[in-house]
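Below is one structure, written out as structure tokens; comments come after it.
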């Protein structure tokens, strides 16, 4: 099992640019979560999907952030336009629907200059 | 919002020492999980506890869920450098959307 796959692993961009983060969940998992981790705020849930449908996006910080899950094996998190305060590690995690165990990807380290 | 407070925030010890880290909340959780996150990686599940008073052991790690299911502790015996990492607790309610604590960052020096 390849686990949750995220790309890119590192991203450095300039303020105002569009950033797209990608995630491939574990095959057979029906729930997908996007998190952001910073030293100041810890691990924050941004949005989660069940069966490709966004269930709760109340954690998305503002309209600059958007997430999609066009099929069961792929999700994107987009930031447009990016700002320096978006710099963080972004994690994708997947689980079985209703499952208590989340499987995290290795994260994307984003730096916005 | 259910909040989980973890303490201590940072811990730096020598190899062979024992330690305990705590996860506390004013809310009741149907289950509680402990994850370990190594530098540059995502969190990895260590254990899930679901019953008040439950104790689980994983080699040198002992996890306890409080009787009221509001708190938990993780005790490490004879810590080793390989135990270094960020220890996160996560609590879940009925819908199981977990709430994560901010973690305890542990460094074990050889």
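Chains as they are written, first to last, in this note's numbering: chain G, 13 to 125; chain P, 3 to 112. The beta carbon of each residue, even a glycine, is placed where N, CA and C say it ideally should be.
Spatial neighbours of residue i in its chain, beta-carbon cut-off 6 Å, leaving aside the 5 residues before and after
i: residue 33 of chain G; result: 89, 102, 120
i: residue 14 of chain P; result: 109
i: residue 63 of chain P; result: 78
Contact set for residue i: own chain, Cβ-Cβ below 7 Å, skip 5 residues either direction
i: residue 89 of chain P; result: 23, 36, 38, 76, 105, 106, 108
i: residue 86 of chain P; result: 108, 109, 110
i: residue 42 of chain G; result: 62, 63, 108, 109
Cβ distance (whole Å) where residue i is taken to contact residue j below 8 Å
i: residue 117 of chain G; j: residue 35 of chain G; result: 6 Å
i: residue 74 of chain P; j: residue 51 of chain P; result: 7 Å
Cβ-heavy atom distance, residue i to the ligand GTP, below 8 Å
i: residue 26 of chain G; result: Absence of the ligand GTP from the depicted structure is noted, as is the absence of any ligand whatsoever, leaving it without description.
For residue i, the three-state DSSP class (helix, strand or coil)
i: residue 62 of chain P; result: coil
i: residue 85 of chain P; result: helix
i: residue 97 of chain G; result: helix
i: residue 122 of chain G; result: strand
i: residue 48 of chain P; result: strand
i: residue 104 of chain P; result: coil
i: residue 111 of chain G; result: coil
Nonlocal neighbours in the same chain, by C-beta distance under 8 Å from residue i, ignoring five residues either side
i: residue 125 of chain G; result: 24, 25, 26, 27, 96
i: residue 21 of chain G; result: 118, 119, 120, 121
Legend entry - Contact set between the region 49-67 of chain P and chain G, restricted to residues whose Cβ is under 7 Å from the partner: 50
Inset, instruction - Let me know the beta strand (DSSP E) ranges lying completely inside the region 23-72 of chain G, each 3 residues or longer, listed in chain order. - result: Correct list: 31-36, 43-50, 54-62, 65-68.
Legend entry - Residues within the region 110-124 of chain G neighbouring chain P, beta-carbon criterion of under 9 Å: 110, 111, 112, 113, 114, 115, 116, 117, 118, 119, 121
Legend entry - Short-range partners of chain G found in the region 19-43 of chain P, where Cβ spacing is below 9 Å: For the region 19-43 of chain P, residues whose beta-carbon sits nearer than 9 Å to a beta-carbon of chain G comprise 32, 33, 35, 37, 39, 42, 43.
Inset, instruction - With 9 Å as the limit, tell me which residues of the region 54-78 of chain G have their beta carbon closer than that to any beta carbon of chain P; keep them in chain order. - result: 54, 55, 56, 57, 60, 67, 68
Legend entry - Positions along the region 81-94 of chain P whose CB lies within less than 9 Å of some CB in chain G: 90, 92, 94
Legend entry - chain P contacts made by the region 92-110 of chain G, where a contact means CB separation under 7 Å: Within the region 92-110 of chain G, the residues whose Cβ lies closer than 7 Å to some Cβ of chain P are 103, 110, listed in chain order.
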